[in-house]
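One line per chain: the protein sequences are A, B, C, D and E, in this order.
Start counting the first sequence at 3; every next residue gets the next number (our numbering).
Start counting the second sequence at 3; every next residue gets the next number (our numbering).
Start counting the third sequence at 899; every next residue gets the next number (our numbering).
Start counting the fourth sequence at 899; every next residue gets the next number (our numbering).
Start counting the fifth sequence at 12; every next residue gets the next number (our numbering).
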Amino acid sequence: MLAIQDLSCIRGDHLLFKNLSFDVKSGSLLYVLGENGSGKSSLLRLVCGLLSQEEGAVLWRGDDIRHVRESYQADLLYIGHLNGLKDDLTALENLHMNARLAGEDASLPQALDALKAMGLGRIASLPARVLSQGQKRRVALARIWLTKAKLWVLDEPFAALDASTIDLLAAQLGQHLANHGMIILTTHQEVTILAENTQMLRLSH
Amino acid sequence: MLAIQDLSCIRGDHLLFKNLSFDVKSGSLLYVLGENGSGKSSLLRLVCGLLSQEEGAVLWRGDDIRHVRESYQADLLYIGHLNGLKDDLTALENLHMNARLAGEDASLPQALDALKAMGLGRIASLPARVLSQGQKRRVALARIWLTKAKLWVLDEPFAALDASTIDLLAAQLGQHLANHGMIILTTHQEVTILAENTQMLRLSH
Amino acid sequence: MNAAWLTVLQRDLLQAFRRRSDVATTVFFFLIVSSLFPLGMNPESETLSLIAPGVLWVAALLAGMLSLTRLFATDFADGSLEQMLLAPQPLTLMVLAKILAHWLVCGLPVVLLAPIIGLQYALPYEALQILMLSLLLGTPALSLIGAIGAALTLGVRGSGLLVALLVLPLYIPVLIFGAGAVAASQHGMSAQAHLSLLAACSLLALVLAPLATAAALRISVE
Amino acid sequence: MNAAWLTVLQRDLLQAFRRRSDVATTVFFFLIVSSLFPLGMNPESETLSLIAPGVLWVAALLAGMLSLTRLFATDFADGSLEQMLLAPQPLTLMVLAKILAHWLVCGLPVVLLAPIIGLQYALPYEALQILMLSLLLGTPALSLIGAIGAALTLGVRGSGLLVALLVLPLYIPVLIFGAGAVAASQHGMSAQAHLSLLAACSLLALVLAPLATAAALRISVE
Amino acid sequence: MKINWFKYSSPQNFYPLAGRMVPWFAWLAALLTIAGLYVSFFLAPPADFQQKEAYRIIFVHVPAAWMSMVIYIVMAAWAGIGLALNARLSAMMAQALAPTGAMFTLLALVTGSLWGKPTWGTWWVWDARLTSELILLFLYLGFIALQAAIDDPRRADRAGALLALVGAVNVPIIYFSVKWWNTLHQGSSISMGAAPKMVVTMLTGMLLMALAFWMYAIAVALMRARCIILERERNSEWVKELVGAEICGSQTKTGVNA
Ligand code: HEM
Ligand SMILES: Nc1ncnc2c1ncn2[C@@H]1O[C@H](COP(=O)(O)OP(=O)(O)OP(=O)(O)O)[C@@H](O)[C@H]1O
Ligand SMILES: Nc1ncnc2c1ncn2[C@@H]1O[C@H](COP(=O)(O)OP(=O)(O)OP(=O)(O)O)[C@@H](O)[C@H]1O
Ligand SMILES: [Mg+2]
Ligand SMILES: [Mg+2]
């Protein structure tokens, strides 16, 4: 479904990778691995269309994503290093608005359920400003419970999370794969995710 | 040397912990553990004097830190969730200025050596803005190579680092402990640090 | 009902409501700038009403710009902007929603407040009306044009003043027609022509600015 | 030599230098703003020189303020502020260093440029001198007072409104004395009194503002 | 003869071509300037009563004012092409033109002011042409400042191009708004019917100077474009070779005489 063809990426005058090609099929999980600064985040942003490549193309169902932007984005969930939370809005409002912005039909009670699933029931009505690092990350990740997107692109989803939340999240990721979803993720931690088809892509300077 | 007496902390209307007491002696390592939002970062900030406690006191060499602020801060190195880097300055300048701000007599070549020790020689002259998440963290942590502080307070130092850098850092922490330093740190990852005296403090809601 | 632009509008208004100070700063700034002039000079009512259109319009323009510089900056820093770019709906609409929110929070109060300040400057009743009308027609253009500058300078070093440098020259037609309308009505002439030109500026900006802003945003997140 | 305040000064100046455009932008901003006023009115040289003191002072205020609101904001967001608070040296000195850097980058160029703009407004030679002198004495007060506001608005919600209410009005005396000094010299009177008052404002601000700012910073990182 | 134009749209091929063109334009500029100055100082009719010899400033002032406007349009066009076709070279040309445009604008302003003092008795009046020329200067400076503030060259190109296009839409609007606002400035002095006898020499002078300015602008823009290319492509093989060859002192065939 997702095909990467001959992708090259240059940041500044530094070549991160060249002629990178791979496919991600329904139900499969792709780990992007590599040292700090090897270009994992850049690759993920390229796949989402946030960065524009030097050469090559990203194809979604056979079409270049630059030509079918809206329909591609409807199928895409991206959670990067940044959480995308507004300090002055409550955790619940943040989650709800972010989900609706991404085109989901989530209602407020559904958003609350998602927060509860992430173990954040108690802090749903606190402004994002006062949350702890891990709680903020969990609010951002709670979108996973609300989305209908097929392709999930997650940049270090496990950073700052405590052990029990990591298990919870891993289970949810496995669930998505079992439902024929696709996941691309980067991580520096060892986390087991059940998938029938797991690929590894190792970037190196 | 560092003594925590009957510390309580309230954020908003939420009691994080109450009557917490412990000591940290030369050469010992204190892990602060707990779920997301259990108050680890708050405790660390209390210990540094960035937050003010509800009750109790933090004593350094027997004196309340609020009374001996400057001499305490000269003995203290705190690296929190935030890296404290300026986007427009290069990695090297950032490190050098941060070290000098903390009262170290670090010269520019020393700072460069510290960066190299962290494996950042190549990117020393790039502006912090373009660095990857992990590279930024590494620049912030490189201060460890320059400091003369006795007490290190580190909030999730291993987050966003790749495996080899974690080992490097752990070795350096062990070194500091062997030199009769003191370390307080939080982490969600399992990292082995050699210490003759390791304590655990587990916070829970 | 699940339109992304509505969500954006709602979110920005909610934030402004939570953070009231933004509105207050704009309004205060407008008040200070426009009341300074009578203080700084010999306040004869003739001179005052002579400079009134210019001063009030410039004050409105600067007040709007003060808040405009940060229109997309926090979205950029906290990652919301990425999410907006990845929403499966037209970016231009969302941009328009943000501009609308900005105008409601920073432009509208100035429009409503202007007549009160106009009184200080001894403006006659008709001129006050025209002042309000011209601001109502013109301030949207200011917000729209300013958004382009704000988007272009995202994440750029020293962006606050750079926005001003890029945007202020483009504001000049609006300023001229706006102040011209008030001046015309002060001299008993019809303000019709100026007002139509002002409306034309706003319309043109309404069509082009969201497109340019959206393009600029895509460039800036790279 | 290893004084923390020197490091802070050096860092801020280096940052400004990296953004080279910053200094230039302040200057051009000042230029553009002061060119806007004539465009809003009938630009006869008499009217112009009448409004000149007010216009030039407002432009200076604005050039300072646009950058000032964010004086500590980035430090706060990126964690440098915590590190400043934990430095084993007096915070007030570091705050003063930041304010000094801001003034050197944004205030001083305006002081130096003002006479050129004054020419456009047909100000006589003495008035130009007084203009420069008044800006030299007054702009430090603007930076100092603004710093308090910038510190108070950090992160804390609701207080922003208070800041707008408290700090902006503190600017008014500075503006009145500053513009007053120029106006006095235009009318052939002595600007002495205004200038002394202006200097007094600056001195008072110099003593109190760093303390207040440091205290506000400690509160806002909690 | 068929020329493959697309060949020259790559910086690598354009660089030597530009190098060969620069001297031609530079010489043309020098010759035309000499001719223009000769016509304007010696052939043009003597001073009119009022203005004395000061009026001769017109031969610099008017062509400079023309150039300031023309260059903005050309610059916006290059920028637009660069944005639409994602052509690096076009963006570089736009960047190379901006300082020259700003320089001519400044020249028009300065010569105008110098002229204003003897004729109007003041350095500056707030009149339509003067004001719109001042605004044009701001537009140029905004473009330059924006590009200078962004250090990723690709992003700088595209952001700058967008700004130039937005400015191009606005320039006519600004021009007319300012014109209706107030008019005090000299009317068009080059109307077809009026006093042809006197106008012809003056017109030749002005046209010669305008042509000289054109040539100068092209020569300088090409030179600047060459510098930009070298800087942008400093890591590419061909630049390394070129620079290596230069350092060795061996004359390259392309004749790098920068
Ligand atoms: C700072 C002051 C001045 C500026 C910025 C300025 C600007 C300009 C500009 C932009 C043009 C070109 C207009 C066009 O071709 O449509 C122009 C043309 C001209 N200017 Fe000026 N000018 C200034 C002062 C003066 C003065 C003092 C005089 C003489 C009294 C003058 C006489 C002329 C003449 C005769 C033309 C040619 C008009 C034409 O070809 O249509 N200018 N000026
Ligand atoms: N302008 C530039 N000049 C040189 N190098 C650059 C520039 N911009 C980015 N880079 C480099 O590009 C790389 C970007 O890395 P990216 O953020 O994709 O890394 P990552 O694999 O996600 O790392 P991490 O594990 O730390 O998150 C970094 O090595 C950075 O130094
Ligand atoms: N104003 C407030 N009202 C209620 N609760 C608050 C308020 N401010 C902070 N809190 C709570 O205090 C706690 C602060 O947690 P802290 O940042 O110390 O957690 P942590 O243990 O470091 O977590 P993490 O592992 O996520 O970094 C959070 O649970 C937060 O929700
Ligand atoms: Mg990354
Ligand atoms: Mg924490």
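Ideal Cβ positions, reconstructed from N, Cα and C, are used throughout, including at glycine.
Proximity of Glu944/D and Ser54/B at Cβ, strictly below 9 Å: Position 46 of the fourth sequence, counted from the start, is the residue given in the question as residue 944/D. Position 52 of the second sequence, counted from the start, is the residue given in the question as residue 54/B. No.
Beta strand (DSSP E) segment containing Glu57/A, residue limits: As a working note, residue 57/A is residue 55 in the first sequence. Looking at the DSSP string, the run of the beta strand (DSSP E) that includes Glu57/A is Glu57 to Trp62.
Cβ-Cβ distance between Thr990/C and Thr1111/C below 9 Å: Here residue 990/C is taken as the residue at index 92 of the third sequence, counted from 1. Here residue 1111/C is taken as the residue at index 213 of the third sequence, counted from 1. Contact flag set, yes.
CB contact below 9 Å: Met982/C versus chain A: The residue given as residue 982/C occupies position 84 in the third sequence. For Met982/C, the answer is yes, since a Cβ of chain A falls inside 9 Å of its Cβ.
Chain D contact for Ala76/B (CB, 9 Å cutoff): Sequence index remark: in the second sequence, residue 76/B carries index 74 (1-based). Residue-level contact by beta carbon holds for Ala76/B and chain D, with a gap shorter than 9 Å.
Beta-carbon separation (whole angstroms), Gly962/C vs Gly1005/C, contact threshold 8 Å: As a working mapping, residue 962/C is identified with position 64 in the third sequence. As a working mapping, residue 1005/C is identified with position 107 in the third sequence. Sure, about 6 Å apart at Cβ, within 8 Å.
Ligand 2 heavy atom lying under 8 Å from the CB of Ile186/A: Taking the first residue of the first sequence as position 1, residue 186/A is located at position 184. No, since every heavy atom of ligand 2 falls outside the 8 Å radius drawn around the Cβ of Ile186/A.
C-beta neighbour in chain C for Leu1035/D, strict 9 Å: Position 137 of the fourth sequence, counting from 1, holds the residue named residue 1035/D. Not closer than 9 Å to any Cβ of chain C, the Cβ of Leu1035/D fails to qualify, so no.
Any chain C beta carbon closer than 9 Å to Lys42/A: Numbered from its first residue, the first sequence carries residue 42/A at position 40. No - not a single Cβ of chain C is within 9 Å of the one on Lys42/A.
Within the region 107-155 of chain A, ranges of the alpha helix (DSSP H) (whole runs, at least 4 residues): Within the region 107-155 of chain A, the complete alpha helix (DSSP H) segments of 4 residues or longer fall at 110-119 and 135-143, listed in chain order.
Cβ contact (3+ pairs, closer than 8 Å) linking the region 125-142 of chain B and the region 27-45 of chain A: Because the criterion of three Cβ pairs below 8 Å is met, the region 125-142 of chain B and the region 27-45 of chain A touch.
Heavy atom of ligand 2 within 8 Å of Asn38/A beta-carbon: Here residue 38/A corresponds to residue number 36 of the first sequence, with the count starting at 1. Taking 8 Å as the cut-off, one finds at least one heavy atom of ligand 2 near enough to the beta carbon of Asn38/A.
Counterpart residues of Gln2/B in DSSP-defined beta bridges: Residue 2/B cannot be examined here, being either before or after the span of chain B that is shown, 3 to 207.
Inter-residue Cα distance where the pair is Leu1026/C and Pro1007/C: One-based indexing of the third sequence puts residue 1026/C at position 128. One-based indexing of the third sequence puts residue 1007/C at position 109. The alpha-carbon atoms of Leu1026/C and Pro1007/C are separated by roughly 16 Å.
Three-state secondary structure assigned by DSSP to Met1087/C: Along the third sequence, read from residue 1 onward, the residue named residue 1087/C stands at position 189. Coil at Met1087/C, not helix or strand.
Any alpha helix (DSSP H) of 4 or more consecutive residues that is wholly inside the region 22-79 of chain E: Correct list: 22-49.
Asp25/B, enclosing beta strand (DSSP E) - first and last residue: For this step, residue 25/B is matched to residue 23 along the second sequence. Looking at the DSSP string, the run of the beta strand (DSSP E) that includes Asp25/B is His16 to Val26.
Buried versus exposed call for Tyr80/A [16 or more other C-beta atoms within 10 Å across all chains shown]: Here residue 80/A refers to the residue found at position 78 of the first sequence. Tyr80/A is classed as buried because its beta carbon has at least 16 other beta carbons within 10 Å across all chains shown.
Buried versus exposed, by CB contacts within 10 Å (16 or more), Glu106/A: Looking up residue 106/A in the first sequence gives position 104. The C-beta of Glu106/A has 16 or more other C-beta atoms within 10 Å across all chains shown, which makes the residue buried.
Proximal residues, the region 1010-1021 of chain C versus chain D, C-beta separation under 8 Å: Within the region 1010-1021 of chain C, contact with chain D at the beta-carbon level (separation under 8 Å) is assigned to no residue.
Residues of its chain near Ile67/B, where Cβ-Cβ distance is below 6 Å and the 5 sequence neighbours each way are ignored: Sequence index remark: in the second sequence, residue 67/B carries index 65 (1-based). For Ile67/B, the CB contacts under 6 Å within the same chain, skipping 5 residues up- and downstream, are Gly51, Val60 and Tyr74 in chain order.
The region 1044-1053 of chain D / the region 966-975 of chain D touching (three or more Cβ pairs under 8 Å): Yes: at least three Cβ pairs fall under 8 Å.
Touch test, the region 164-184 of chain B against the region 946-963 of chain C, Cβ-Cβ under 8 Å, three pairs minimum: Short answer: they don't touch.
Cβ-Cβ distance between Ala958/C and Leu1059/C below 9 Å: The residue you call residue 958/C lines up with position 60 of the third sequence. The residue you call residue 1059/C lines up with position 161 of the third sequence. Not in contact: Ala958/C and Leu1059/C (Cβ atoms no closer than 9 Å).
Own chain partners of Val1061/C with C-beta closer than 6 Å, once the 5 adjacent residues on each side are dropped: The sequence position of residue 1061/C within the third sequence is 163, counting from 1. Only Thr967, Gly1047, Ala1048 and Thr1051 meet the Cβ criterion.
N-terminal and C-terminal residue of the alpha helix (DSSP H) that Met939/D is part of: Residue 939/D sits at position 41 when you count from the first residue of the fourth sequence. Where Met939/D is concerned, there is no enclosing alpha helix (DSSP H), because DSSP gives it neither an H nor an E.
Closer than 9 Å to chain C by CB, Gly271/E: Outside the shown range of chain E (12 to 269) lies residue 271/E, about which nothing can therefore be said.
Sequence-distant residues of its chain with Cβ nearer than 8 Å to Leu1096/C (five each side left out): Residue numbering aside, residue 1096/C sits at position 198 when the third sequence is read from its first letter. The answer, listed in chain order, is Ser1032, Leu1035, Gly1036, Ala1039, Val1072, Phe1075, Gly1076 and Ala1079.
Beta carbon proximity, Leu16/B to chain D, threshold 9 Å: Here residue 16/B is taken as the residue at index 14 of the second sequence, counted from 1. Sequence inspection shows His at residue 16/B; the Leu mentioned does not correspond to that position. Not an interface residue.
Three-state class that DSSP yields for Asn85/A in the structure shown: What you label residue 85/A is simply residue 83 of the first sequence in a count that begins at 1. Reduced to three states, the DSSP call for Asn85/A is coil.
Interface residues of the region 949-962 of chain C facing chain D [CB-CB below 9 Å]: Those residues of the region 949-962 of chain C that come within reach of chain D (Cβ to Cβ, closer than 9 Å) are Ile949, Ala950, Pro951, Gly952, Val953, Leu954, Trp955, Val956, Ala957, Leu959 and Leu960.
Short CB-CB distance (under 9 Å) between Ile1043/D and chain E: As a first step, residue 1043/D is located in the fourth sequence; it is residue number 145 there, counting from the start. False, the Cβ-Cβ gap to chain E never drops below 9 Å.
Environment of Asn246/E [buried if 16+ CB atoms lie within 10 Å]: Within the fifth sequence, residue 246/E is the residue found at index 235, counting from 1. It is exposed - the Cβ of Asn246/E has fewer than 16 other Cβ atoms within 10 Å.
Unbroken beta strand (DSSP E) run spanning Gln201/B, endpoints: Counting from one through the second sequence, the residue named residue 201/B turns up at place 199. For Gln201/B, the enclosing beta strand (DSSP E) begins and ends at Asn199 to Leu205.
Where Thr905/C meets chain A, residues with beta-carbon distance less than 7 Å: Here residue 905/C is taken as the residue at index 7 of the third sequence, counted from 1. Those are Met99, Arg102 and Leu103, listed as they occur along chain A.
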